[in-house]
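K.L.:
Got a structure here, written out as C-alpha cells. Questions coming.
Protein chains in written order, with this note's numbering: chain Z, 66 to 322; chain W, 75 to 581.
Pasting the structure below:
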C-alpha cells in the first residue's frame, strides 16, 4: 500500500489542459495540411501525382485537398518544388459532412454541434460503441489512448461501452472489409435510435490505402449515414477529442490547437 | 540437389533457387526440420494461368544465421501434393493459406479449412462462399464436440472493447476450456494482392498499414527488400535512426501491454501509469517523424527525418526519465502478490509446444525458446550493437509479462547508446529500379517477433509476388494451445499476454 501511494505522488497529475489550454505539438507534427495556391506554378501537378491516395485535385483550378483521403504522409510536401504544400500543427479538422473535407487553402468548416433535440439527449452523456471494420488498428490505438489519464475522454461524459444496446452512437474504423460488412450492419441495427455514426480515420472515411479494392468497401459512408468525420492516419487523440467536443457543442466558445 | 543458402536481406536470382520434385522437396524440408531449422515461410506463386503453381520454401537456422530456399512445382491440372503438416506442424497454417490463395490441395492435411476467407490470388476457389452467404467466413467449419455438459461459447467478431475483430469459439466442459478455435479473416484487406505489380506510389503506405501498431517493423522490412533488390546503399546514420524507431515502437507496445495486463487483473494504478508512459514513447516517435506511430519515417533508401544533436540529447533525457518511471511502475506490478497470483501458471505454453508450433518473439522467449532476429539474423545496427536476448522458462502470463519488462529495459539502454553515438551519413539513397527475376527475403524482429517479407520480381523488376508473414501468423495457434485446460474466465488475460495482431494475420 505504501509503495502505491508513493508511486502515485511521484507520478503526479498528467491530464492535459485541453480544451481550456491549446495542446502543444512538436515542430514536425502533421496536422491539417494547407496548399498555398498562389505559389503553384501554372500546370504543376507534382503533389497530386505523388499523393499515394489521390487526395489532391485540381479540377476547379486551384488545388483542393480531400482530408478524407489524406493519410498525412510527407510525400506531397516533398514533391512540391515551391514549398506551397505544408502541414500545419492545427489538430482540429473534424467535420459534419463529407463535402466539408474537401478543403481549399486555409478554409474549413469545422464540425457544428448536433441538432437541439439530439444535443439535449447526448450533450452531457454520450455512450459509444466502437467497431473495427478492417482498420490496421492504428485508429483503435488512438481511440484507446483518448481514454488514458492524459486525454481522459470520460471527463466530458463520453464513454466507450461494451454493448451496442447501451450505446448512443457507433464509432467505425477501417474501410469496411467484405468480411466485416455484415457484423457492422448488425451492430448498427442493435443500437437503439436516435443514434449517430462517427467515421474515424482515412480508411473509414474513404477506404484510405485500400480504396478501390475488391476486398473492401471505400469507407463506412457507403453503408451508414455518418454524422461526424474525424480525418487522420490515425487521428491524434486531440483531433478525436476536438471532434467529439464540437459535436457536443463544447468547443464553440473555444479555439482548438 | 539441396537448397540455396541465402542471408537475411541479401538478394539472389530466382533462377538460382533449385526446383525439386515434390517428394525431394518434402524430404529436404523434413531433414532441415530434423537439424533444428524453423519454417520461416512457405508460399505459392504463379505468374500466369498457364504456368504450374510453384511452392517456395524458406527455412532458417537460428544458430548460423543462414536461410535455405528451395521450391517445387505442383502440377497445374491436379493442384495437389502430399501435405507436410502431419510431419511438420509449422506447415499447418501455411498449407491452408496456399489452399486458399492458389487452390493447392495438401492431400492428407488434418485440418484443411480457410485461413482468412480471402478470394484466391490465382487458381480455383477451394472454399467458395455459399449461395446467400453474408461473407466467406459464414460457413467456417468449427471443431465440434458432444457429450454431457459440453457447451460452446462464441465470441466476436465484434468484441466488448476497442479491439480488432475475430471470432473465438470455446468448447467447454463447465468452466474448463477443452479447445479454443480462433477464426480470423475479418480484417482481410488484400495486402498481398495490392503489392503485386509494385513498387508503386502506394506500396510503402500499404506496408505501413499491414499492422498499425507495427508501422516501423513492416515499413523497415519492406524498405530492406526494395533496397536489396535495387542495390541501394543505406547510410549508417539512416540505419541507426531506423533501429531507434524500431526500439521505440517495441517500448511503446511492451509498456502498453503491461498496462493492459494490469488492467485485466484489476490493478488500476499500474494500468494508468503504464498507459501514460506508453504515450511518452509514442511522443518520441512523433517528435522524430511527425506521427505517433512513425508513419512517414522509414522509406526505401533511408529515412525521411534526421535526429539533430539537440533532439538526441532531449531524447536521451526523456528516455532516462522513462526508464526510471518504468522501473517504479514495474516494481509496483511485479511485487504485488495478488497480481502475480493471477499471472503465474495462467495460460502455460510449454517449451516443446512452442517449438513444435514455431512460435516467435516475446511469446516464444517466455516459453524458453532462444530466438530473436536481432541476434540470430542480425542486420543493420544490430550487427554492431547487441541487445541481450531475454528468455524465461515459465511459459505463462507472468513469463510473457517479465520478458516484456526485460526487453523494454534493454531497448531503452540500447536507445540511449545509439543516440549518444549517432554515425554520420546521408538520410536517403536515391531510388533505383529493382533487379528483374530476383528475390529477397528480409527478416526483422518486430515487437511481436519475426516479421518476414519475401519479394519476387518479374522480368521488368516489378513484384510478381510479395509474401508477408507477420509474427501473429506463427503465434495465434499458441494462444489456442495456451487456453487448453484453462478456465474460460482467464481468456482475456491470456489473450492480452499474447496481444496478437488480427490485421497482420489477415493481411
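By construction, the Cβ of each residue, glycine as well, lies at the ideal position given by its N, Cα and C atoms.
#1: For residue 145 of chain W, which beta-bridge partners are listed by DSSP?
#2: Using a Cβ-Cβ cut-off of 6 Å (strictly less than) and excluding sequence neighbours within five positions of residue 312 of chain W, which residues of its own chain qualify?
#3: Could you check the C-alpha separation between residue 484 of chain W and residue 462 of chain W for me, to the nearest Å?
#4: Keeping to the same chain, check which residues put their C-beta closer than 8 Å to that of residue 320 of chain Z; ignore five residues upstream and five downstream.
#5: Suppose the cutoff is 8 Å on Cβ atoms and the five residues either side in sequence are ignored; what does the same chain contact list for residue 360 of chain W look like?
#6: Using 8 Å for Cβ pairs, my map puts residue 263 of chain Z next to residue 306 of chain Z. What's the rounded Cβ distance?
#7: Could you tell me whether the segment 218 to 228 of chain Z touches the segment 189 to 206 of chain Z, where touching means 3 or more Cβ pairs closer than 8 Å?
#8: DSSP has residue 228 of chain W in a bridge; who is on the other side?
#9: Taking the beta carbon of residue 426 of chain W as the centre, do at least 16 other beta carbons fall within 10 Å, making it buried, or is it exposed?
#10: Is residue 262 of chain W close to chain C, meaning its C-beta is less than 8 Å from at least one C-beta of that chain?
#11: Between the Cα of residue 520 of chain W and those of W:265, W:212, W:284 and W:180, spot the shortest distance and give me the residue it belongs to.
#12: Using a C-beta cutoff of 8 Å, does residue 275 of chain W count as contacting chain Z?
#13: Mind pulling the beta strand (DSSP E) runs of 3 or more residues that sit fully within the segment 188 to 223 of chain Z?
#14: If you draw a straight line from the C-alpha of residue 194 of chain W to the C-alpha of residue 524 of chain W, how long is it?
#15: Skipping 5 residues on each side, what residues in its chain have a beta carbon closer than 8 Å to that of residue 140 of chain W?
#16: So, helix, strand or coil for residue 82 of chain Z, using DSSP?
#17: With a threshold of 8 Å on Cβ separation, who are the neighbours of residue 106 of chain Z within its own chain once the five nearest residues in sequence on each side are excluded?
#18: To the nearest angstrom, report how far apart residue 297 of chain W and residue 374 of chain W are at their CA atoms.
#19: What are the start and end residues of the beta strand (DSSP E) that includes residue 98 of chain Z?
#20: Please check if any C-beta of chain W sits within less than 8 Å of the C-beta of residue 322 of chain Z.
#21: Is the beta carbon of residue 241 of chain Z less than 8 Å from the beta carbon of residue 284 of chain Z?
#22: Would you give the residue range spanned by the beta strand (DSSP E) that residue 519 of chain W belongs to?
#23: Return the chain-ordered list of same chain residues with a C-beta closer than 6 Å to the C-beta of residue 419 of chain W, the five sequence neighbours on each side being excluded.
#24: How would you label residue 100 of chain Z, buried or exposed, when you count the other beta carbons within 10 angstroms and need 16 or more for buried?
#25: Suppose you measure from the CA of residue 189 of chain W to the CA of residue 363 of chain W; what does that come to, to the nearest Å?
#26: What does DSSP give as the partner residues of residue 156 of chain W in its beta bridges?
#27: Looking only at C-alpha atoms, which of W:472, W:429, W:503 and W:452 sits nearest to residue 548 of chain W?
#28: Can you pull the chain W neighbours of residue 282 of chain Z, defined as C-beta to C-beta under 9 Å?
#29: For a contact meaning CB atoms closer than 7 Å, what does residue 145 of chain Z contact in chain W?
#30: Less than 8 Å separating the beta-carbons of residue 113 of chain W and residue 102 of chain W?
#31: Extract the residue ranges of the alpha helix (DSSP H) inside the segment 264 to 343 of chain W, only unbroken runs of 4 or more that lie entirely within it.
#32: State whether the segment 552 to 563 of chain W contacts the segment 168 to 179 of chain W, with contact taken as three or more CB pairs (one from each stretch) at a distance under 8 Å.
#33: Fully enclosed by the segment 394 to 473 of chain W, which alpha helix (DSSP H) runs are 4 residues long or longer?
#34: So does the segment 253 to 271 of chain W actually touch the segment 201 to 214 of chain W, counting three or more Cβ pairs closer than 8 Å?
#35: Of the residues W:145, W:302 and W:200, which one's Cα is nearest the Cα of residue 507 of chain W?
#36: Residues of chain Z with CB under 7 Å from residue 379 of chain W, in chain order?
P.N.:
Looking at the atomic coordinates:
#1: Mapped onto the second chain, residue 145 of chain W falls at position 71. According to the DSSP secondary-structure assignment, residue 145 of chain W is paired through a beta bridge with W:93 and W:130.
#2: By 1-based counting over the second chain, the position of residue 312 of chain W is 238. The answer, listed in chain order, is 376, 377 and 501.
#3: Position 410 of the second chain holds residue 484 of chain W. Position 388 of the second chain holds residue 462 of chain W. Rounded to whole angstroms, residue 484 of chain W to residue 462 of chain W spans 7 Å at the Cα level.
#4: Taking the first residue of the first chain as position 1, residue 320 of chain Z is located at position 255. Caution applies to residue 320 of chain Z, whose pLDDT of 49 falls short of 50 and renders its modelled position unreliable; the value that the coordinates give is listed next. Spatial neighbours of residue 320 of chain Z in its own chain (CB-CB distance under 8 Å, excluding positions within 5 residues in sequence) are listed in chain order as 87.
#5: As a position in the second chain, residue 360 of chain W is number 286, starting the count at 1. Sequence-distant Cβ neighbours of residue 360 of chain W in its own chain, meaning closer than 8 Å and more than five residues away, are 366.
#6: Taking the first residue of the first chain as 1, we reach residue 263 of chain Z at position 198. Taking the first residue of the first chain as 1, we reach residue 306 of chain Z at position 241. About 12 Å separates the Cβ atoms of residue 263 of chain Z and residue 306 of chain Z, ruling out a contact at the 8 Å cut-off.
#7: At 8 Å Cβ cutoff, the stretches touch.
#8: The sequence position of residue 228 of chain W within the second chain is 154, counting from 1. Note: residue 228 of chain W sits in a beta bridge opposite W:243.
#9: Looking up residue 426 of chain W in the second chain gives position 352. It counts as exposed.
#10: No chain C appears in this structure, whose protein chains are Z and W.
#11: Taking the second chain and counting its residues from 1, one reaches residue 520 of chain W at position 446. Nearest Cα to residue 520 of chain W within the set W:265, W:212, W:284 and W:180: W:284.
#12: Along the second chain, one-based indexing puts residue 275 of chain W at 201. Judged by the 8 Å Cβ criterion, residue 275 of chain W is in contact with chain Z.
#13: Whole beta strand (DSSP E) segments, 3+ residues: 191 to 197.
#14: For the purposes of this step, residue 194 of chain W is identified with residue 120 of the second chain, where counting begins at 1. For the purposes of this step, residue 524 of chain W is identified with residue 450 of the second chain, where counting begins at 1. Each residue's CA atom was taken as its position, placing residue 194 of chain W and residue 524 of chain W some 26 Å apart.
#15: Here residue 140 of chain W corresponds to residue number 66 of the second chain, with the count starting at 1. Counting only Cβ-Cβ distances below 8 Å, and skipping sequence neighbours, we find 79, 80, 81 and 134.
#16: As a first step, residue 82 of chain Z is located in the first chain; it is residue number 17 there, counting from the start. Note: residue 82 of chain Z maps to coil in three-state DSSP.
#17: The count along the first chain starts at 1 and reaches residue 106 of chain Z at position 41. Counting only Cβ-Cβ distances below 8 Å, and skipping sequence neighbours, we find 146 and 147.
#18: Taking the first residue of the second chain as position 1, residue 297 of chain W is located at position 223. Taking the first residue of the second chain as position 1, residue 374 of chain W is located at position 300. Between residue 297 of chain W and residue 374 of chain W, the C-alpha separation is close to 4 Å.
#19: For the purposes of this step, residue 98 of chain Z is taken as residue 33 along the first chain, with counting starting at 1. For residue 98 of chain Z, the uninterrupted beta strand (DSSP E) run begins and ends at 98 to 100, by DSSP.
#20: For the purposes of this step, residue 322 of chain Z is taken as residue 257 along the first chain, with counting starting at 1. Because residue 322 of chain Z sits at a pLDDT of 41, beneath the cut-off of 50, its placement in the model cannot be relied upon, and the following sentence gives the value as read from the coordinates. No - not a single Cβ of chain W is within 8 Å of the one on residue 322 of chain Z.
#21: As a working mapping, residue 241 of chain Z is identified with position 176 in the first chain. As a working mapping, residue 284 of chain Z is identified with position 219 in the first chain. The Cβ atoms of residue 241 of chain Z and residue 284 of chain Z lie closer than 8 Å to each other.
#22: As a first step, residue 519 of chain W must be located in the second chain, where it is residue number 445. Counting along the chain, the beta strand (DSSP E) containing residue 519 of chain W begins and ends at 512 to 520.
#23: Counting from one through the second chain, the residue named residue 419 of chain W turns up at place 345. Exclusion of the five residues before and after residue 419 of chain W leaves 470 as the residues of its chain whose Cβ lies within less than 6 Å of its Cβ.
#24: Against the first chain, residue 100 of chain Z aligns to sequence position 35. Its Cβ being crowded by 16 or more others within 10 Å, residue 100 of chain Z is buried.
#25: The residue you call residue 189 of chain W lines up with position 115 of the second chain. The residue you call residue 363 of chain W lines up with position 289 of the second chain. Their backbone Cα atoms lie some 35 Å apart in a straight line.
#26: Residue mapping note: residue 156 of chain W aligns to position 82 of the second chain, counting from 1. Partner residues in the beta bridge of residue 156 of chain W, as assigned by DSSP, are W:181.
#27: What you label residue 548 of chain W is simply residue 474 of the second chain in a count that begins at 1. If we check each option's Cα against that of residue 548 of chain W, W:429 comes out closest.
#28: For the purposes of this step, residue 282 of chain Z is taken as the residue at position 217 of the first chain. The contacting residues do not exist; residue 282 of chain Z stays about 11 Å from chain W at best.
#29: The residue given as residue 145 of chain Z occupies position 80 in the first chain. Neighbours of residue 145 of chain Z on chain W: none; closest Cβ ~15 Å, over 7 Å.
#30: Position 39 of the second chain, counted from the first residue, corresponds to residue 113 of chain W. Position 28 of the second chain, counted from the first residue, corresponds to residue 102 of chain W. Not a contact, by the Cβ cut-off of 8 Å.
#31: Entirely contained in the segment 264 to 343 of chain W, the alpha helix (DSSP H) runs reaching 4 residues are, in chain order, 265 to 269, 277 to 282, 289 to 304 and 310 to 338.
#32: Result no; under three Cβ-Cβ pairs closer than 8 Å.
#33: DSSP runs (the alpha helix (DSSP H)) wholly in the segment 394 to 473 of chain W: 411 to 417, 425 to 431, 435 to 439 and 447 to 450.
#34: Touching, yes, given that three or more Cβ pairs across the two stretches are closer than 8 Å.
#35: As a position in the second chain, residue 507 of chain W is number 433, starting the count at 1. Nearest to residue 507 of chain W by C-alpha distance, out of W:145, W:302 and W:200, is W:302.
#36: Here residue 379 of chain W refers to the residue found at position 305 of the second chain. Going along chain Z in sequence order, the residues near residue 379 of chain W (Cβ under 7 Å) are 93.
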